[in-house]
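Residue numbers (full-length UniProt numbering): 1 to 419.
Glycine included, C-beta positions come from ideal geometry on N, C-alpha and C.
Step one of this worksheet: look at the structure below.
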Amino acid sequence: MEEILMAANPNDGYQLPSSTISTLAYADDLVLFAHSPGALGLKLERVAAALRLAGMEINAAKSITFTISANTHSKNLCLDNIGYTLDGVSIAAADMETRVKYLGLQFTWKGQISYKDTARLAEYCQELTSAPLKPQQRIHILRQVALPKLHHQLVLSSIHRRTLKAMDISCRHYVRRWLKLPNDTSTAFFHAKTRDGGLGLTSLATSIPLWRRSRLTKLITSEHPVVRDVVSICLTKALTVANEPVFVMGTVVNDKEEAALAWKLAMNASLDCADLGIIHETPESSNWTVRSSRMAPSLYIRGLQLRAGTLGTKSRQQRGRAQMDKLCRRGCGQTETLPHILQSCPAAHAARCVRHNRVAKSIAISLRRKGYRVYEEPIIRTGTTYCKPDIIACQDGLGFVIDVAWSQAIVYMRVGTLR
């Protein structure tokens, strides 16, 4: 390809202070620049001849030309309707309304077209809402398809941060609707990583400016002089805007790692999600949020409501209101909170036992797969009494005594050595 580009007269093209842009080539897309219509026609013929020697040819039917002239009297640019031919085939000349797609972006003769990305995201979400999908399927498509589909154009556009914020608000609106979450659900819960207990949705207002800054920084530090010239001439304002601070819930972040940490801390600082602080230590506890194809939709929704701390307990529903009755509706005399229902309410005792046994069983199965010899609920005499741990796992002369318990979101494991 270098030989073909050299045939295009690399000294003729768009003039920069210290270099000249003669061609742009990417995959099978080729853009030629020339200082005059005659020079462009000659360049087309030379490139076509070089391509024929390599067994390729220019597809004139899919090609288009822009002839832009400078009006020195009125100090503006105009689009001339000048036609070109290649091997007897006419190449279409662009008019005022012509749009071309290059590297996934739409252009007219004036430059890149600005999209109404807020409307596009709302359209995607509305299509997901109207489609016969499970809520977990909607979340997966939004997280893995719809939002990433916008990233390329958003990073390379000059979209305002307020617009990005509006897109995030629109996205959260639809997610609340799908998952039946209240309006006061923690914002950080939507954007925190799934391993940290969140939904893992990209925050456009945070990620797009960071990605744009990263790209522009790589361009300004490029070893290629042409790239540096383009940045210094055309992207000075964009670089200034990209270097403005990016905030996550009031915290300044400089890269994606800091952004992920800020979302996690903001989520843990909220009252509803305070117990998710150590969930990253057990990634298995978050697998169901991304691998939930076999879960019943109602169970998936209730699970996320529980994780977000938004289930309708009396203490939460009356938050911020005058003193009202917050005692457990089961008549146990305690304040009705999620920890009370999950861990101490007598009405949920049977469910707690089932949950405990399932967790212990899952741990035992996992240990057996790793080669441990596992004893479940063995009765061990200790003098006049006995103890009954949930699990004893043995391997290589070591014994691990494991007791599954819950206390302030912490699972305790007692480790010992069997003689």
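Membership of L77 in any alpha helix (DSSP H) is not indicated; the residue belongs instead to the beta strand (DSSP E) covering 76-80.
Put simply, the segment 352-363 touches the segment 386-404. At least three CB pairs are less than 8 Å apart. In this structure, the straight-line span from the alpha carbon of L367 to that of G399 is close to 12 Å.
Under the three-state reduction of DSSP, Q106 is assigned to strand. Per DSSP, S90 is one residue of the beta strand (DSSP E) stretching across 89-93. In terms of CA proximity to H340, T313 leads the group M295, M324, V145, T313. Per DSSP, reduced to three states, the secondary structure at V248 is strand. P148 and G88 have their C-alpha atoms spaced approximately 43 Å apart.
Here S285 has I279 as same chain residues with Cβ atoms under 8 Å from its own Cβ, once five neighbours each way along the sequence are excluded.
For I113, there is no enclosing alpha helix (DSSP H), as DSSP marks it with neither H nor E. Look at I141 here: in three-state DSSP terms it is helix. With contacts defined as CB atoms closer than 8 Å, L201 and F190 qualify as a contacting pair.
When DSSP assignments are scanned along the segment 287-327, the uninterrupted stretches of alpha helix (DSSP H) that are 4 or more residues long and fall wholly within it turn out to be 297-308, 314-317. By the criterion of a C-beta distance shorter than 8 Å, T118 is surrounded in its chain by T163, A166, M167, S170, once the five residues flanking it on both sides are discounted.
Shortest Cα-Cα distance from K62 to any of G250, V31, G383, L181 involves V31. In this structure, I392 lies near Y375, with their beta-carbon atoms less than 8 Å apart. Shown here, E3 sits in a helix according to DSSP, grouped into three states.
Listed in chain order, the beta strand (DSSP E) elements of length 3 or more contained wholly in the segment 339-392 are 373-376, 380-382, 385-387.
Taking a contact to require three or more Cβ pairs closer than 8 Å, the segment 124-133 and the segment 74-92 do not qualify as touching.
The residues A393, C394, Q395, in chain order, have a CB closer than 8 Å to that of R373 in the same chain once the five nearest residues on each side in sequence are set aside. When DSSP states are grouped into helix, strand and coil, D275 belongs to the helix group.
The segment 209-226 makes no contact with the segment 2-9, as fewer than three CB pairs between them are under 8 Å.
In the structure shown, K237 falls within a helical segment according to DSSP collapsed to helix, strand and coil.
Judged by DSSP in its simplified three-state form, D196 adopts helix.
The C-beta of N71 has fewer than 16 other C-beta atoms within 10 Å across all chains shown, which makes the residue exposed.
In chain order, G104 place their CB closer than 6 Å to the CB of H152, counting only its own chain and leaving out the 5 sequence neighbours on each side. In the DSSP annotation of this structure, the continuous segment of the alpha helix (DSSP H) that includes V175 starts and ends at 161-179. C332 carries a coil assignment under DSSP once its states are collapsed to helix, strand and coil. Close CB contacts of Y102 within its chain, under the 8 Å cut and outside five residues either way in sequence, are with D29, V31 (chain order).
DSSP places A269 in the helix class (H, G or I) of the three-state scheme. Under the DSSP assignment, V31 falls in the beta strand (DSSP E) whose first and last residues are 29-32. In this chain, the alpha helix (DSSP H) harbouring F190 covers 187-191.
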